[in-house]
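Colleague:
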Amino acid sequence: MNIKKLIKGNKRFREAKFTQYKDDFKTLVEHGQKPNILFIGCSDSRVVPDLIVDSKPGDMFLMRNIGNFVPPFKDDFDFHGVSAVIEYAVSVLKVKDIIVCGHTHCGACASLYEDLSTNKKLIHVRKWLELGQKAKEYALLNLLNKKSSKEQLLRTTEKISVAYQLENLLTYPEVAKRIKKGKLNIHGWFYDIEDGSIEVYNPKKAKYKKLK
Ligand SMILES: [Zn+2]
Numbered sequence: 040m041n042i043k044k045l046i047k048g049n050k051r052f053r054e055a056k057f058t059q060y061k062d063d064f065k066t067l068v069e070h071g072q073k074p075n076i077l078f079i080g081c082s083d084s085r086v087v088p089d090l091i092v093d094s095k096p097g098d099m100f101l102m103r104n105i106g107n108f109v110p111p112f113k114d115d116f117d118f119h120g121v122s123a124v125i126e127y128a129v130s131v132l133k134v135k136d137i138i139v140c141g142h143t144h145c146g147a148c149a150s151l152y153e154d155l156s157t158n159k160k161l162i163h164v165r166k167w168l169e170l171g172q173k174a175k176e177y178a179l180l181n182l183l184n185k186k187s188s189k190e191q192l193l194r195t196t197e198k199i200s201v202a203y204q205l206e207n208l209l210t211y212p213e214v215a216k217r218i219k220k221g222k223l224n225i226h227g228w229f230y231d232i233e234d235g236s237i238e239v240y241n242p243k244k245a246k247y248k249k250l251k
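In this note's numbering, each residue carries its 1-based index in the sequence shown increased by 39.
1. Decide if Met-102 is buried, meaning its Cβ has at least 16 other Cβ atoms within 10 Å, or exposed.
2. Going by beta-carbon coordinates alone, are Gly-227 and Val-201 separated by less than 8 Å?
3. What residue range is occupied by the uninterrupted beta strand (DSSP E) comprising Tyr-3?
4. As a quick check of your reading: which residues have a C-beta less than 6 Å from at least one non-hydrogen atom of ligand 1, in chain order?
5. Going by DSSP, what residues sit across from Met-99 in a beta bridge?
6. DSSP state of Val-139, grouped into three classes?
7. Quick check: the Cα distance between Cys-81 and Met-40, rounded to an integer number of angstroms?
8. Using beta-carbon positions only, say whether Asp-98 and Ile-79 come within less than 8 Å of one another.
9. Are there 16 or more other CB atoms within 10 angstroms of the CB of Asn-224, so buried, or fewer, so exposed?
10. Apart from the five residues on each side of it in sequence, which residues of its chain come closer than 8 Å, Cβ to Cβ, to Arg-165?
11. I believe Tyr-230 touches Lys-198 by the beta-carbon criterion, under 8 Å. Please report the beta-carbon distance rounded to the nearest angstrom.
12. Would a C-beta distance cut-off of 8 Å place Ile-232 and His-144 closer than the cut-off?
13. Does Ala-128 pass the burial test, meaning 16 or more other C-beta atoms within 10 Å, or should it be called exposed?
14. Would the stretch 211 to 221 and the stretch 52 to 69 be scored as touching if the rule is three or more Cβ pairs under 8 Å?
15. Rounded to whole angstroms, what's the CA-CA distance from Ala-174 to Gly-48? Just pull it up for me.
16. Pick helix, strand or coil for His-144, following the three-state DSSP scheme.
17. Which one of Ser-150, Leu-170, Gln-191 has the shortest CA to CA distance from Phe-112?
So, in structure tokens, the structure goes:
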């Protein structure tokens, strides 16, 4: 893929797919967007939210970042990109569901096991990866003394990280308030990039279950 291919792609899109969605876009322009779902996924190019759930324009408000992490709520006046998305989705769009979706072979989770401390080009990535630290600690502790492979360690890290990000989501006062009122639900998902399947996290059982 290169930029020339993308430009040609837009031509094809306008000629074929845009026509298919023409009425949808017309309605979305006239009435504005009213997505019911906020999808928080990884920036990984292999995890394409609208593709994996076969959704349409206007269905989901999207936030993708390295590792599908959710920083805990911070009551200050700094630049908080992820928090601004959550705030807008919850308080303005009034989404009914928030999905935090992790995935197999996540580079962010793998990077937790690498030493980036001297890499001056990655100062922001290094800081951002702190949001996966708890998952790494859990995975190491949980698989200690078990003859686990590196792959098992990574899968555990990726999966438990989603649970920690859901915990962080609850630190947002509006999120917690709307959940309490029964107006919002939060979900932990785990996408397998090898077969396209999704597992759903059950916080009560601390287990995942594959969607049929
Ligand atoms: Zn990832």
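From the three backbone atoms N, C-alpha and C, an ideal C-beta is built for every residue, glycine too.
Modeller: If we stick to the structure as given:
1. Stepping through the sequence shown from its first residue, residue 102 is reached at position 63. By the 10 Å Cβ count, Met-102 comes out buried.
2. Within the sequence shown, the letter at position 188 stands for residue 227. Within the sequence shown, the letter at position 162 stands for residue 201. Against a cut-off of 8 Å, the Cβ pair of Val-201 and Gly-227 comes out as a contact.
3. It is not possible to answer for residue 3, since the shown part of the chain is limited to 40 through 251.
4. In chain order, the qualifying residues are Cys-81, Asp-83, Gly-106, His-142, Cys-145, Gly-146, Ala-147.
5. Here residue 99 refers to the residue found at position 60 when the sequence shown is read from its first residue. Note: Met-99 is bridge-paired with Ile-76 in the DSSP secondary-structure output.
6. Residue 139 sits at position 100 when you count from the first residue of the sequence shown. Val-139: strand per DSSP, three-state reduction.
7. Taking the first residue of the sequence shown as position 1, residue 81 is located at position 42. Taking the first residue of the sequence shown as position 1, residue 40 is located at position 1. Going by the C-alpha atoms only, they are around 20 Å apart.
8. To locate residue 98, count along the sequence shown from 1; it is residue 59. To locate residue 79, count along the sequence shown from 1; it is residue 40. No. Outside cutoff.
9. To locate residue 224, count along the sequence shown from 1; it is residue 185. Asn-224 comes out exposed.
10. Mapped onto the sequence shown, residue 165 falls at position 126. Around Arg-165: Leu-155, Ser-156, Asn-158.
11. The residue labelled residue 230 in the question sits at position 191 within the sequence shown. The residue labelled residue 198 in the question sits at position 159 within the sequence shown. The pair is not a contact, with the Cβ atoms about 11 Å apart (cut-off 8 Å).
12. The residue you call residue 232 lines up with position 193 of the sequence shown. The residue you call residue 144 lines up with position 105 of the sequence shown. Taking 8 Å as the cut-off, the beta carbon of Ile-232 is found closer than this to the beta carbon of His-144.
13. By one-based count along the sequence shown, residue 128 stands at place 89. Under the 10 Å beta carbon count, Ala-128 is surrounded by 16 or more other beta carbons and is classified as buried.
14. No contact exists between the stretch 211 to 221 and the stretch 52 to 69.
15. If you number the sequence shown from 1, residue 174 lands on position 135. If you number the sequence shown from 1, residue 48 lands on position 9. Rounded to whole angstroms, the separation of the alpha carbons of Gly-48 and Ala-174 is 39 Å.
16. Residue numbering aside, residue 144 sits at position 105 when the sequence shown is read from its first letter. Correct three-state label for His-144: coil.
17. Residue numbering aside, residue 112 sits at position 73 when the sequence shown is read from its first letter. Measuring from the Cα of Phe-112, the nearest candidate turns out to be Leu-170.
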